[in-house]
C-alpha cells in the first residue's frame, strides 16, 4: 500500500486537473468579467469533475500562459480566493499547482488545506520560459517554515516544454532524485499538456524506483489508460476530460464518467 490509499482513498488514483481561467496579472485576464468569472468557471469545472467520479482534483492556473518561474503574488492570492469560495463544495481530496513556482505552490497548499502539490522541485532545464533553475533543499525547508510538512510533494521530473540541461539518463535522474530529495511521487510527462506520456519512459522510471509512487502526468486517455496504469501508480488527467478532448474547452461530465468507469474496471482486475 502507498500513501495514495490514505490520502486519496485508492491505489491507481486519478487526479483530475481543475483549470482556472486567467487571473489578474495574466495577459489574457478578462477584466470585464473579473474574478467572479474565474470563481464561477472553476466551480463549474469542479462540480463536473466530481459528478464524473474522479478520485481527487488539482487546482492550477493552467490558463496563466505564458507561465512564470517566479510567479507574482497576485496569482496565488487569486487562487486562494477561488479555492476559499469553493471550499464547502469540494467533496474529494485536492491539491494545488501554481505554474511554475514551487514555493508559491506550497504556500497556497498551506493556506488552503490542500493535501498535495505538483511542481518542478529539482533540476536545471532549458525551457520555453528560459533557463529554469531549482533549489530543492531551500524549497523543502520553506515547506517546513510555512507548516506544510504534511503536504505530499509530486515531483515532475520530465517537465513539459523543457529539457534537462545535463546529459543524464532518466533512470539515473529518478534514482538520484529519490535518494537525495525523498519525493512523495514522481510525475512523468509528455512535451505539453495533453501529450501522451511515453510508456517506455514511464516503465524505465518505475523500474528504477519501484518503491516510489509514479504518475503518468499527461496525455492519459480512455484508449491508453489501461496500458498506462499497468505501469503507473496513478494518473494526472486534464485534457481528456474536456469537450472533444481539447485543452481549452470546459469539462464534459460524460467523458469523465466514461473514463472513470474504465478505471474502476481496471482496478477490479489489478
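In my numbering, the protein residues as written are 951 to 1220.
Where is the CB? At the ideal position from N, CA and C, for every residue including glycine.
The region 981–1000 touching the region 1130–1145, judged by at least three CB pairs closer than 8 Å: At 8 Å Cβ cutoff, the stretches do not touch.
Opening and closing residue of the alpha helix (DSSP H) in which residue 1082 lies: Your numbering for residue 1082 matches position 132 in the chain shown. First-last for residue 1082: 1080–1082, but that is the beta strand (DSSP E), not the alpha helix (DSSP H).
When the Cα atoms are used, what is the spatial distance from residue 1002 to residue 1202? Numbered from its first residue, the chain shown carries residue 1002 at position 52. Numbered from its first residue, the chain shown carries residue 1202 at position 252. Whole-angstrom Cα-Cα distance: 9 Å.
Who are the Cβ neighbours of residue 1047 in its own chain at under 7 Å, not counting the five residues just before and after it? Along the chain shown, read from residue 1 onward, the residue named residue 1047 stands at position 97. Shown here for residue 1047: same chain residues with a beta carbon closer than 7 Å to its own, the five before and five after excluded, namely 1008, 1010, 1055, 1067, 1068 and 1069 in chain order.
Under DSSP, the alpha helix (DSSP H) around residue 1060 begins and ends at which residues? Looking up residue 1060 in the chain shown gives position 110. DSSP places residue 1060 inside the alpha helix (DSSP H), whose first and last residues are 1052–1062.
Would you check if the distance between the CB atom of residue 1050 and the CB atom of residue 1075 is smaller than 7 Å? By 1-based counting over the chain shown, the position of residue 1050 is 100. By 1-based counting over the chain shown, the position of residue 1075 is 125. Against a cut-off of 7 Å, the Cβ pair of residue 1075 and residue 1050 comes out as no contact.
What are the partner residues of residue 957, as DSSP defines its beta bridges? The count along the chain shown starts at 1 and reaches residue 957 at position 7. Note: residue 957 is not bridge-paired with any residue in the DSSP secondary-structure output.
Under 7 Å Cβ to Cβ from residue 1111, same chain only, skipping five residues before and after it: list those, please. As a first step, residue 1111 is located in the chain shown; it is residue number 161 there, counting from the start. Cβ neighbours of residue 1111 beyond the five flanking positions: 1077, 1078, 1141 and 1142.
Grab the span of the alpha helix (DSSP H) containing residue 1210 for me, first residue to last. The residue labelled residue 1210 in the question sits at position 260 within the chain shown. Note, residue 1210: alpha helix (DSSP H), 1203–1219.
With DSSP run on the structure shown, which of helix, strand or coil describes residue 1200? On the chain shown, position 250 is the one that residue 1200 refers to. In this structure, residue 1200 counts as coil in the three-state DSSP scheme.
Closer than 6 Å by C-beta to residue 1005: which residues in its own chain qualify, once you throw out the five before and the five after it? Chain order, please. As a first step, residue 1005 must be located in the chain shown, where it is residue number 55. Around residue 1005: 958, 960, 963 and 964.
Pop quiz: residue 1182 and residue 1156 are said to be a contact at Cβ under 8 Å. What is the actual Cβ separation, rounded to whole angstroms? By one-based count along the chain shown, residue 1182 stands at place 232. By one-based count along the chain shown, residue 1156 stands at place 206. Separation of the CB atoms of residue 1182 and residue 1156 is rounded to 7 Å, and the pair is thereby assigned contact status at 8 Å.
Apply the 10 Å Cβ neighbour rule to residue 1102 and answer buried if 16 or more other Cβ atoms are within range, or exposed otherwise. On the chain shown, residue 1102 is found 152 positions in, with the first residue counted as 1. Per the 10 Å Cβ criterion, buried.
May I have the straight-line CA-CA distance separating residue 1124 from residue 1164, to the nearest angstrom? As a position in the chain shown, residue 1124 is number 174, starting the count at 1. As a position in the chain shown, residue 1164 is number 214, starting the count at 1. The C-alpha of residue 1164 is placed about 10 Å away from the C-alpha of residue 1124.
Alpha helix (DSSP H) runs wholly inside the region 1127–1170, at least 4 long, in chain order: Within the region 1127–1170, the complete alpha helix (DSSP H) segments of 4 residues or longer fall at 1149–1158, listed in chain order.
Under 7 Å between C-beta atoms of residue 1127 and residue 1154: Start at 1 with the first residue of the chain shown, and residue 1127 comes out as number 177. Start at 1 with the first residue of the chain shown, and residue 1154 comes out as number 204. The Cβ atoms of residue 1127 and residue 1154 lie no closer than 7 Å to each other.
By DSSP, does residue 1118 sit in helix, in strand, or in coil? Your numbering for residue 1118 matches position 168 in the chain shown. Three-state DSSP puts residue 1118 in coil, outside helix and strand.
Got a sec? Which residues, its chain only, sit under 6 Å from residue 1146 by beta carbon, not counting five neighbours each side? Mapped onto the chain shown, residue 1146 falls at position 196. Excluding positions up to five away in sequence, the list reads 1140 and 1169.
Sequence-distant residues of its chain with Cβ nearer than 6 Å to residue 971 (five each side left out): As a first step, residue 971 is located in the chain shown; it is residue number 21 there, counting from the start. Correct list, in chain order: 988, 991 and 1013.
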